[in-house]
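Trainee: Starting off with a structure, shown below.
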Amino acid sequence: MNYTAILPRRKKAPTTRPGVKGAGVTSAIKLLKGNTKGIELLNADLIAHAFAGIGADEVPWVTGFAGDVATADHKVWFGSSALPMPRFIRDTHNNYVCVSTFKRAEDGKYRRRKDCWAGLWLVLLDDIGTKIQPEALRLAPSCLVETSPGNFQAWLALAQPERNQAKAQALIDGLIKAGASDPGAGNLTRYGRLPTGINGKAKYAKDGQPFTQRVHVWEPSRRYTPEQIAQAHGFDLTAAASQPRTPRRKPSDSNAGRPGYLPILEAAGLYLEPIRGFHGGHRIVCPWHDGHTGKDQTGTAYFEPDERNDMKGGFKCQHGHCTHRTIADLDWFIVRLLAGRDAA
């Protein structure tokens with residue numbers, strides 16, 4: 004196979020902070036203190052190391068944008084191929100990379116979609132230090148980034164990309180069940196933050212300036228097999244991969260294909276406004292916003308049924324607590340809401 008040339012910069016790679024002795028000794032990781040400057044790591048360098056040996060028929064995927072993530076337009080999440088690096092990846096932006104690579108769709112264009120999935124290259128353990136206890140990190144990370152004050156994303160680079168989609172998904176699901184990652188990281192098209200950039204959420208700003216991310220650990224040679232990751236977190240990957248995922252049930256009286264959701268959401272006080280420039284898209288308050296950080300009510304959208312979603316409608320919440328939720332979850336919420344109203 005021909006390979007796309009992604010060459011790491013010929014520069015001596017920084018090491019982790021003193022105290023990291025190897026895999027399985029995460030309690031020895033010494034985090035940077037106070038205002039200590041983080042390890043300098045270019046976004047291009049992380050991508051070069053993480054996706055070294057990538058095939059000519061697949062691409063890494065990135066996105067980047069300025070401002071507050073909570074109020075950003077949904078279009079900023081579309082992103083594009085990282086080859087070449089897009090101009091929207093800047094030090095002053097919120098910058099993201101996907102855990103997987105993708106191949107061309109039927110129209111000849113690369114797409115960040117499950118049907119275009121090519122392989123899993125990175126494992127993301129999200130919200131370490133806040134939602135997930137640091138002790139849940141059983142392996143020393145390849146890269147550890149402080150993405151907001153006291154909150155970290157840990158990257159585990161794979162020794163070889165996992166090309167079996169069922170096995171890759173079983174690995175991600177197993178880590179969530181083991182309590183090692185937030186449920187928001189539960190799919191193969193998931194974004195994680197690149198090392199260099201900002202967290203533009205207004206609540207993290209200080210003196211009018213956004214929070215600047217810090218790299219605490221960078222060990223590009225530290226890589227793991229999916230089996231090593233699973234074993235460290237106490238589950239059998241082979242057994243997990245052999246069990247089919249249980250599909251979500253859909254309520255028999257679902258109204259997802261009908262326009263009745265908008266008045267129902269409005270009556271429930273959950274409707275906000277139409278999404279400008281996106282026909283059929285509407286900003287709503289997430290029904291599960293109590294589980295969001297700070298109970299944030301922004302960052303959720305409902306999409307009216309049309310041909311783009313097979314006339315089923317769509318639901319998307321950008322918060323880690325809810326990114327796994329789909330229109331099926333909203334179906335159930337609406338049915339329960341109506342049932343409760345009828346009972347009353």
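All residue numbers for the sequence shown refer to the working numbering, where the first residue is 4 and numbers rise by one.
Ideal placement from N, C-alpha and C gives every residue a C-beta, glycine not left out.
Keep in mind that this is a model prediction, so the values were computed, not measured.
1) Is Gln212 helix, strand or coil when you go by DSSP?
2) Which same chain residues end up closer than 7 Å to Lys253 when comparing Cβ atoms and leaving out the 5 residues on each side of it in sequence?
3) Sorted by chain position, which residues of the same chain lie with C-beta nearer than 7 Å to Ala53's C-beta, five sequence neighbours on each side aside?
4) Answer with buried or exposed for Ala205, where buried requires no fewer than 16 other C-beta atoms within 10 angstroms of its C-beta.
5) Any idea if Asp313 is buried or exposed, counting beta-carbon neighbours within 10 angstroms, 16 or more meaning buried?
6) Helix or strand or just coil, what does DSSP make of Ser184?
7) Please determine, among Gly294, Gly283, Asp299, the residue with the shortest C-alpha to C-alpha distance to Lys315.
8) For Ala139 versus Ala181, is the C-beta distance shorter than 9 Å?
9) Per DSSP, what kind of secondary structure is Thr66 in: helix, strand or coil?
10) With a threshold of 16 other CB atoms inside 10 Å of the CB of Glu109, please say whether the residue is buried or exposed.
11) Helix or strand or just coil, what does DSSP make of Trp158?
12) Mark Arg339 as exposed unless 16 or more other C-beta atoms lie within 10 angstroms of its C-beta, in which case mark it buried.
13) Spell out a yes or no on whether the segment 110–118 and the segment 211–218 are touching, meaning 3 or more CB-CB pairs, one atom from each, closer than 8 Å.
14) In three-state terms, what does DSSP make of Ser245?
15) I'd like to check one pair, Gly67 with Tyr99: are the Cβ atoms closer than 9 Å?
16) Just verifying my parser: in three-state terms, what is the DSSP assignment at Thr95?
17) Could you tell me which residues DSSP puts in a beta bridge with Ile135?
18) For the beta strand (DSSP E) containing Pro229, list its first residue and its last residue.
19) When we look at the beta-carbon of Gly25 and count the other beta-carbons within 10 Å, is it buried (16 or more) or exposed?
20) Got a sec? Which residues, its chain only, sit under 6 Å from Arg225 by beta carbon, not counting five neighbours each side?
21) So the alpha helix (DSSP H) Glu269 belongs to, where does it begin and stop?
22) For Val220 and Ile337, I'd like the C-alpha separation in whole angstroms.
23) By the DSSP assignment, the beta strand (DSSP E) with Ala143 in it spans what residues?
24) Check whether the Cβ atoms of Ile42 and Arg217 lie closer than 9 Å to each other.
25) Let me know the secondary structure DSSP gives His327 once reduced to three states.
26) Rounded to whole angstroms, how far is the Cβ of Ile57 from the Cβ of Thr104, which I believe are closer than 8 Å?
27) Using the Cα positions of Asn38 and Glu149, report the straight-line distance between them to the nearest angstrom.
28) Just the Cα atoms here: how many angstroms apart are Asp256 and Leu341?
29) Give me the Cβ distance between His96 and Ile278, rounded to the nearest whole Å; I'm assuming they're in contact under 8 Å.
30) Between Leu273, Glu310, Pro308, Asp309, which has its C-alpha nearest Gly302's C-alpha?
31) What's the call for Gln156, buried or exposed, on a 16-neighbour Cβ count within 10 Å?
32) Between Ser184 and Asp130, is the Cβ-Cβ spacing less than 9 Å?
Mentor: So, to answer that:
1) Stepping through the sequence shown from its first residue, residue 212 is reached at position 209. The answer is strand: DSSP assigns Gln212 an E or B state.
2) Along the sequence shown, one-based indexing puts residue 253 at 250. Since pLDDT at Lys253 reaches only 35, below the 50 mark, its modelled position is unreliable, and the value read off the structure follows with that caveat. Ala331, Asp334.
3) If you number the sequence shown from 1, residue 53 lands on position 50. Once the five neighbours on either side are set aside, the close Cβ partners of Ala53 are Trp124, Leu125, Ala160.
4) Looking up residue 205 in the sequence shown gives position 202. Residue burial is scored here from C-beta neighbours: Ala205 has fewer than 16 other C-beta atoms within 10 angstroms and is therefore classed as exposed.
5) Mapped onto the sequence shown, residue 313 falls at position 310. Asp313 comes out exposed.
6) The count along the sequence shown starts at 1 and reaches residue 184 at position 181. Here Ser184 sits in coil by DSSP.
7) By one-based count along the sequence shown, residue 315 stands at place 312. Per the Cα distances, Gly283.
8) One-based indexing of the sequence shown puts residue 139 at position 136. One-based indexing of the sequence shown puts residue 181 at position 178. It is a contact, given that the beta carbons lie within the stated cut-off.
9) Translated into positions along the sequence shown, residue 66 becomes position 63. Strand.
10) One-based indexing of the sequence shown puts residue 109 at position 106. Of the other Cβ atoms in all chains shown, fewer than 16 fall within 10 Å of the Cβ of Glu109; this residue is therefore exposed.
11) Counted from its first residue, the sequence shown places residue 158 at position 155. DSSP places Trp158 in strand when its eight states are reduced to three.
12) By 1-based counting over the sequence shown, the position of residue 339 is 336. With fewer than 16 other Cβ atoms within 10 Å, it is exposed.
13) Too few Cβ pairs lie closer than 8 Å, so no.
14) Start at 1 with the first residue of the sequence shown, and residue 245 comes out as number 242. Helix, per DSSP.
15) Taking the first residue of the sequence shown as position 1, residue 99 is located at position 96. Taking the first residue of the sequence shown as position 1, residue 67 is located at position 64. Taking 9 Å as the Cβ cut-off, Tyr99 and Gly67 qualify as a contacting pair.
16) To locate residue 95, count along the sequence shown from 1; it is residue 92. It is coil, neither helix nor strand.
17) Taking the sequence shown and counting its residues from 1, the one referred to as residue 135 is at position 132. DSSP, once it has assigned bridges, lists Ile131 as partnering Ile135.
18) Position 226 of the sequence shown, counting from 1, holds the residue named residue 229. Note, Pro229: premise wrong, no beta strand (DSSP E); alpha helix (DSSP H) at 229–235.
19) Indexing the sequence shown from 1 puts residue 25 at position 22. At Gly25 the pLDDT is 38, less than 50, meaning the model places this residue with poor confidence; the figure from the coordinates comes in the next sentence. The residue in question, Gly25, is exposed, as its Cβ has fewer than 16 Cβ neighbours within 10 Å.
20) Your numbering for residue 225 matches position 222 in the sequence shown. Here the set comprises Ser145.
21) Taking the sequence shown and counting its residues from 1, one reaches residue 269 at position 266. Start and end: 264–270.
22) Within the sequence shown, residue 220 is the residue found at index 217, counting from 1. Within the sequence shown, residue 337 is the residue found at index 334, counting from 1. So the alpha carbons of these two residues sit roughly 45 Å apart.
23) Residue 143 sits at position 140 when you count from the first residue of the sequence shown. Note, Ala143: premise wrong, no beta strand (DSSP E); not H, not E.
24) Taking the first residue of the sequence shown as position 1, residue 42 is located at position 39. Taking the first residue of the sequence shown as position 1, residue 217 is located at position 214. It is a contact, given that the beta carbons lie within the stated cut-off.
25) Mapped onto the sequence shown, residue 327 falls at position 324. Coil at His327, not helix or strand.
26) Reading the sequence shown from its first residue, position 54 is the one you call residue 57. Reading the sequence shown from its first residue, position 101 is the one you call residue 104. About 6 Å; that satisfies the 8 Å criterion.
27) Within the sequence shown, the letter at position 35 stands for residue 38. Within the sequence shown, the letter at position 146 stands for residue 149. Looking at the two C-alpha atoms, the distance is approximately 12 Å.
28) If you number the sequence shown from 1, residue 256 lands on position 253. If you number the sequence shown from 1, residue 341 lands on position 338. Residue placement at Asp256 cannot be trusted, given a pLDDT of 36 that sits under 50; the coordinates are not used to answer.
29) Translated into the one-based positions of the sequence shown, residue 96 becomes position 93. Translated into the one-based positions of the sequence shown, residue 278 becomes position 275. Cβ-Cβ separation between His96 and Ile278: approximately 21 Å, too far for a contact (criterion under 8 Å).
30) Looking up residue 302 in the sequence shown gives position 299. The shortest C-alpha separation from Gly302 is found at Leu273.
31) The residue you call residue 156 lines up with position 153 of the sequence shown. By the neighbour-count rule (16 or more Cβ atoms within 10 Å), Gln156 is buried.
32) Taking the first residue of the sequence shown as position 1, residue 184 is located at position 181. Taking the first residue of the sequence shown as position 1, residue 130 is located at position 127. The answer is yes: Cβ separation under 9 Å.
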